[in-house]
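One structure below.
Numbering (my numbering), first residue to last: 126 to 577.
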């Protein structure tokens, strides 16, 4: 039950828990020791808070130090005796990787995902093409579309248990096509966590000013305004996240951060869970892993706390978990230089004002790459690497949802209130609310539960 609550909160289970009784998973930075006749023992061998030490350098020296570190880092990650390429989007992380590779004398094959006219708002092929032409890479543009139920079967086969991030749809298709050209590919995963790229970091800085707003004014003005933020049912989750961020107590920054990431808010879960399910989870705080990591970071700065939590929670359990499973499903090795532990240790020592300042993000990385990338790439806001899931769910997966969300199936499980699930579906299909992520997470879980 706790694993399901974690899954609906984060889209994945939280180690050591899994969906299977008697089976655990090792948390990040841990190793397991087993000997005959004894239980497996888990021991933590790496803790970022213990390895990073603040250094006092002028900004220009930080720029030089990071560039030197990145060159050494890429030199190691480029070691290969097989064809090697790089994923390329319209953002700075993947562009920086390609530029660093060029600086080391490598002309990589680069790969970009596109969706065509059916989802032009999510397509970054034009932006990536600009970077590829600027750097002179061997560029490939790939067109993807999702599968239906067969793909859900494949997804669960490779993840072994429910994984609710629809990014897996895209990753599986992309890595399959990339494998036709190369056997090793570099990805920019880890750049947002390492360099400070997520909008939630800017949001936490903005929230400092909200703490000066008196409680009555927050309840009487901010909350009503937040609830007036319009929904978007085209798969764009930003309105929901901004609204939930503003609705959370500004004096609880880790609560704001956790709510930003949460796919089901506490109120949604209270409505969704059956009475028996709620009774089992009584008193449980699904956000505790985030609060624990914030305390462990040793920082009083909410942005640094959030980045530390992302490095230990969101990055390994969500981003890297997906990239590893989906790439190896096709025998493709995906390397992630920006998630290298030496780089995480280096960047944790960098002052926070060189990472995020107001709406400016990845400040130090942009300084490092300013002479090697187009100005448009350096200035482009974060867009995200994700499929147009809202449109796909409304068409190709709709029949699957109607079957798995039927009252008979839900009543037999005894976990979710049929009326609550029906309300999510009706509001989403009518364009009243954007329930893309919650519905996708429920769909994957129900498919696993009924068809495994």
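Just so it is clear, CB atoms sit at the ideal spot from N, CA and C, and this is done for glycine as well.
Rounded straight-line distance, which links the Cα of residue j to that of residue i
i, j, result
"residue 206", "residue 460", "14 Å"
"residue 295", "residue 269", "7 Å"
"residue 500", "residue 490", "13 Å"
"residue 310", "residue 498", "21 Å"
"residue 464", "residue 168", "21 Å"
"residue 326", "residue 486", "8 Å"
"residue 397", "residue 229", "53 Å"
"residue 385", "residue 264", "35 Å"
"residue 140", "residue 447", "15 Å"
"residue 565", "residue 181", "46 Å"
"residue 143", "residue 574", "14 Å"
"residue 184", "residue 479", "8 Å"
"residue 266", "residue 215", "12 Å"
"residue 495", "residue 377", "36 Å"
"residue 561", "residue 423", "36 Å"
"residue 568", "residue 547", "13 Å"
"residue 226", "residue 256", "13 Å"
"residue 322", "residue 525", "35 Å"
"residue 454", "residue 308", "12 Å"
"residue 292", "residue 153", "21 Å"
Residue i - containing alpha helix (DSSP H), residue span
i, result
"residue 309", "Careful: residue 309 lies outside any alpha helix (DSSP H), inside the beta strand (DSSP E) at 309-311."
"residue 502", "500-504"
"residue 572", "561-576"
"residue 196", "184-202"
"residue 320", "316-320"
"residue 292", "292-303"
"residue 373", "Unbroken run through residue 373: none, as it is neither H nor E."
"residue 151", "Counting along the chain, residue 151 falls outside any alpha helix (DSSP H), and DSSP gives it neither H nor E."
"residue 430", "427-434"
Same chain, Cβ closer than 8 Å to residue i, five either side skipped, listed in chain order
i, result
"residue 539", "399, 401 and 402"
"residue 290", "136, 137, 443 and 447"
"residue 542", "396, 397, 398, 399 and 535"
"residue 528", "534"
"residue 127", "142, 406 and 409"
Span of the beta strand (DSSP E), counted from its first residue to its last, around residue i
i, result
"residue 238", "234-239"
"residue 210", "209-212"
"residue 172", "That residue, residue 172, is in no beta strand (DSSP E); it is neither H nor E in DSSP."
Sheet register partners of residue i (DSSP bridge)
i, result
"residue 463", "BP columns for residue 463 are empty, so no partner."
"residue 266", "237"
"residue 581", "A question about residue 581 goes unanswered here, because the residues of the chain that appear run from 126 up to 577."
"residue 486", "481"
"residue 398", "541"
"residue 278", "Note: residue 278 sits in no beta bridge, so no partner."
"residue 495", "DSSP lists no partner for residue 495."
"residue 458", "309"
Proximal residues to residue i (C-beta, below 7 Å), its chain only, five neighbours per side dropped
i, result
"residue 302", "267"
"residue 438", "414, 415 and 418"
"residue 194", "468 and 471"
Own chain residues within Cβ distance below 6 Å of residue i, not counting five before or after
i, result
"residue 177", "470, 473 and 474"
contact_flag[the segment 442-460, the segment 336-351] where n(CB pairs < 8 Å) is 3 or more: They do not touch, by the three-pair rule.
If you pair each beta-carbon of the segment 276-285 with each one of the segment 422-442, do three or more pairs fall below 8 Å? Because the criterion of three Cβ pairs below 8 Å is not met, the segment 276-285 and the segment 422-442 do not touch.
Using a Cβ distance threshold of 8 Å, determine whether the segment 548-558 contacts the segment 374-382, with at least three qualifying pairs required. Counting Cβ pairs under 8 Å, fewer than three are found: no touch.
Using a Cβ distance threshold of 8 Å, determine whether the segment 178-192 contacts the segment 149-167, with at least three qualifying pairs required. Contact between the segment 178-192 and the segment 149-167 is absent, because fewer than three Cβ pairs lie under 8 Å.
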